[in-house]
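These protein sequence lines map, in sequence, to chains A and B.
For the first sequence, the working numbering assigns the number 1441 to the initial residue and increments by one for each residue that follows.
For the second sequence, the working numbering assigns the number 126 to the initial residue and increments by one for each residue that follows.
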Amino acid sequence: MYDIKALYEAKSTANAVELLLQHPEAVIIAGGSDVLIKIRDGKLAGKELVSIYGLDELRGVELDGEENIRIGSLTSFSHIHKDPLIKKHIAVLGEAVNMVGGPQIRAIGTIGGNTCNGVTSADSASTLFAWDAIIEITGPDGIRCVPIEEFYLGPGKVDLRPGEIQTHIIIPKASWSGYKGSYIKYGMRNAMEIATTGCSVNVKLTRDKQTLKDVRIAYGVAGPIPLRAKSTEEKVRGRAVNRETADLIGELVLGDVNPRDSWRAAKDFRLHLCQTMAVRAFEEAVARAGGEISG
Amino acid sequence: MADEIRQFKQVTCTINGVRRTTMVDVRASLTDMLRNDYRLTSVKKGCEVGECGACTVLIDGEAFDSCIYLAVWADGKDIITLEGLEGPNGELSDIQQAFIDETAIQCGFCSPGFILTAKEILDSGKLYTDDELRKLLSGHLCRCTGYDNIFRAVKKTMLRRLNKPVPEEFFKAE
Ligand code: FES
Ligand code: FES
């Protein structure tokens, strides 16, 4: 038995909004792989819950009329991993979510929950940052959309106002079309692990594969919330695809990241990881985009 | 708390092929419901926080940790526990027999969970590499066997079901 004060099961997205307004103290539960564990821990014991787990309308992946990829917030990691649209257009997201926990956790864990708990180590978050994902939120005033970078307000804090739930994650066509990505997770073991640091890079090359048209570098656990290495991106955009550029990325990212000491790893080690992972993820992304880095 | 009101919900689901209905406390996990209401005690309580896999059941064909799944969510779902693998005359399934043959069981606490994850793997009809199999089995802890025998039991059953040759060393225990 869980220590739950009351459970309200939403019948539809609109009903979820109503329930949240009626019970302003209630916590939203999606798959529960965070919330139920926090109840066991005592951190969320005795709370009212609004369950949105039953809302099948928020499951699945589709392309809209403009070929933006729309991922229902309740889609499980295992379904994202297997999804043909994800495999075809943004394979790296399917790979990143396949590194979350173990198989049973991936069956229950949802991508919406992974982003709504606001933690920096979420395996999906850095990749969604790299894809410039848009978060669709439904609330009492209808639907609003915010870029994922603005959705994260601080550790454990996201931009959800009273009565609001996250309903979709959108990867705009402009963000995915022509890009290839790679995600690296560093952890102490291969399964059931929280990332020490995660790095997701995607690139777009010119037709001749010689020049970097665009690059996006994102991190988990390189700061209090997931972040983008913006100044690095600016400085290397337009450079030739070669070893110097790869090494330059490794140097520059140190100016963008801000990891800290924790029981999982020391700050110095994380800085080393940030550097090495950016270079390796960049090399892999370039290879996937058909480019070549010699040496 | 004096003002505490217990909240119940009727849950109807298919368990091991039979449609069943019960009233559950909304605070119950699926493990609680399966063990307490249906006496399906193959569903083990290990960590109860989704770490060990001892409570694994199949829900609509996918392996879930039933300890971190609210019982009320099971409404309308198709659930399989280890008891559901038994044949009409109490026969063991191929994967259970392979666990015995490969000595993949010692205390047995992890076995029901492992076998259900194995069932999902085997029912997919796919041929997995050793690395893929290890990853697919990685949501379970076993404190006795050292995993190798479990891995062999699953691999052997996969190869047999796909009519692939089973390497010689797999037979030494039989
Ligand atoms: S008892 Fe459910 S995962 Fe350990
Ligand atoms: S056989 Fe004892 S825990 Fe696996």
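Even glycine gets a Cβ: it sits at the ideal position worked out from N, Cα and C.
Only a predicted model underlies this, so the values are computations on that prediction, with no experimental measurement involved.
Bridge partners of residue i, per DSSP?
i, result
"Phe133(B)", "Asp150(B)"
"Thr1578(A)", "Ile1583(A), Ile1605(A)"
"Asp1654(A)", "Lys1644(A)"
"Asp1701(A)", "Asp1701(A) pairs with nothing; no bridge assigned."
"Thr139(B)", "Arg144(B), Asp203(B)"
"Arg1623(A)", "It should be pointed out that residue 1623(A) corresponds to Tyr in this sequence rather than to Arg. BP columns for Tyr1623(A) point to Ser1640(A)."
Closer than 6 Å to a non-hydrogen atom of ligand 2 - does that hold for the CB of residue i?
i, result
"Thr1567(A)", "no"
"Ala1556(A)", "Note that residue 1556(A) corresponds to Cys in the displayed sequence, not to Ala. The answer is no for Cys1556(A)."
"Arg277(B)", "no"
"Thr242(B)", "no"
"Asp270(B)", "Here the sequence assigns Thr to residue 270(B), which means Asp is not the residue at that position. Answer for Thr270(B): yes, Cβ within range of ligand 2."
"Gln221(B)", "no"
"Phe234(B)", "yes"
"Gln1544(A)", "no"
"Cys138(B)", "no"
"Gln231(B)", "yes"
"Cys267(B)", "yes"
Among the options, which has the Cα closest to the Cα of residue i?
i, options, result
"Cys177(B)", "Leu1652(A), Pro1595(A), Glu1633(A)", "Glu1633(A)"
"Tyr1654(A)", "Ala1729(A), Ala1531(A), His1712(A), Ile1468(A)", "A quick correction: the sequence has Asp, not Tyr, at residue 1654(A). Asp1654(A) has its Cα closest to that of Ala1729(A), out of Ala1729(A), Ala1531(A), His1712(A), Ile1468(A)."
"Pro1612(A)", "Glu1506(A), Tyr1442(A), Ala1450(A)", "Glu1506(A)"
"Ile1609(A)", "Ile1545(A), Asn1698(A), Asn1508(A)", "Asn1508(A)"
"Ile1657(A)", "Arg1647(A), Gln1650(A), Thr1651(A), Val1697(A)", "Val1697(A)"
"Glu294(B)", "Val168(B), Val143(B), Gly201(B), Asp273(B)", "Asp273(B)"
"Thr139(B)", "Ala153(B), Asp150(B), Tyr163(B), Ser154(B)", "Tyr163(B)"
"Gln132(B)", "Asn141(B), Ser191(B), Tyr253(B), Arg152(B)", "Arg152(B)"
"Phe1591(A)", "Phe1569(A), Gly1579(A), Pro1580(A)", "Phe1569(A)"
"Gly1627(A)", "Lys1445(A), Leu1460(A), Met1539(A)", "Met1539(A)"
"Gly1445(A)", "Lys1451(A), Glu1458(A), Gly1482(A)", "The question names Gly, but residue 1445(A) in the sequence shown is Lys. When each option's Cα is compared against that of Lys1445(A), the closest is Gly1482(A)."
"Ile240(B)", "Ala196(B), His265(B), Glu216(B), Arg286(B)", "His265(B)"
"Trp1616(A)", "Met1441(A), Leu1525(A), Thr1607(A), Ala1721(A)", "Leu1525(A)"
"Lys1451(A)", "Leu1498(A), Pro1464(A), Ala1485(A)", "Leu1498(A)"
"Gly1500(A)", "Asp1523(A), Leu1489(A), Asp1581(A)", "Asp1523(A)"
"Thr242(B)", "Pro213(B), Asn214(B), Met283(B), Thr270(B)", "Met283(B)"
"Leu1461(A)", "Glu1589(A), Leu1489(A), Tyr1442(A), Ala1635(A)", "Leu1489(A)"
"Gly201(B)", "Ser1513(A), Ser1518(A), Asp1496(A)", "Asp1496(A)"
"Val197(B)", "Gly209(B), Asp157(B), Glu211(B)", "Asp157(B)"
Residues surrounding ligand 1 [beta-carbon distance to nearest heavy atom under 6 Å]: Listed by position in the chain, the residues whose beta carbon lies within less than 6 Å of some heavy atom of ligand 1 are Lys170(B), Gly171(B), Cys172(B), Glu173(B), Gly175(B), Glu176(B), Cys177(B), Gly178(B), Ala179(B), Cys180(B), Asp190(B), Cys192(B).
Meets three-Cβ-pair contact criterion under 8 Å: the stretch 1550-1557 of chain A and the stretch 1590-1600 of chain A: yes
The stretch 1529-1548 of chain A contacting the stretch 1614-1633 of chain A, beta-carbon criterion three pairs below 8 Å: yes
The stretch 183-190 of chain B contacting the stretch 203-214 of chain B, beta-carbon criterion three pairs below 8 Å: With the cut-off at 8 Å, the stretch 183-190 of chain B and the stretch 203-214 of chain B touch.
Stretch-stretch touch, CB-based, cutoff 8 Å, three pairs: the stretch 1570-1577 of chain A with the stretch 1476-1489 of chain A: no
The stretch 1461-1472 of chain A contacting the stretch 216-223 of chain B, beta-carbon criterion three pairs below 8 Å: By the criterion of at least three beta-carbon pairs nearer than 8 Å, the stretch 1461-1472 of chain A is not in contact with the stretch 216-223 of chain B.
The stretch 1677-1688 of chain A / the stretch 1707-1715 of chain A touching (three or more Cβ pairs under 8 Å): no
Three or more C-beta pairs below 8 Å linking the stretch 1686-1693 of chain A and the stretch 1717-1724 of chain A: Segments in contact, yes.
Contact between the stretch 224-236 of chain B and the stretch 267-281 of chain B (3+ Cβ pairs under 8 Å): yes
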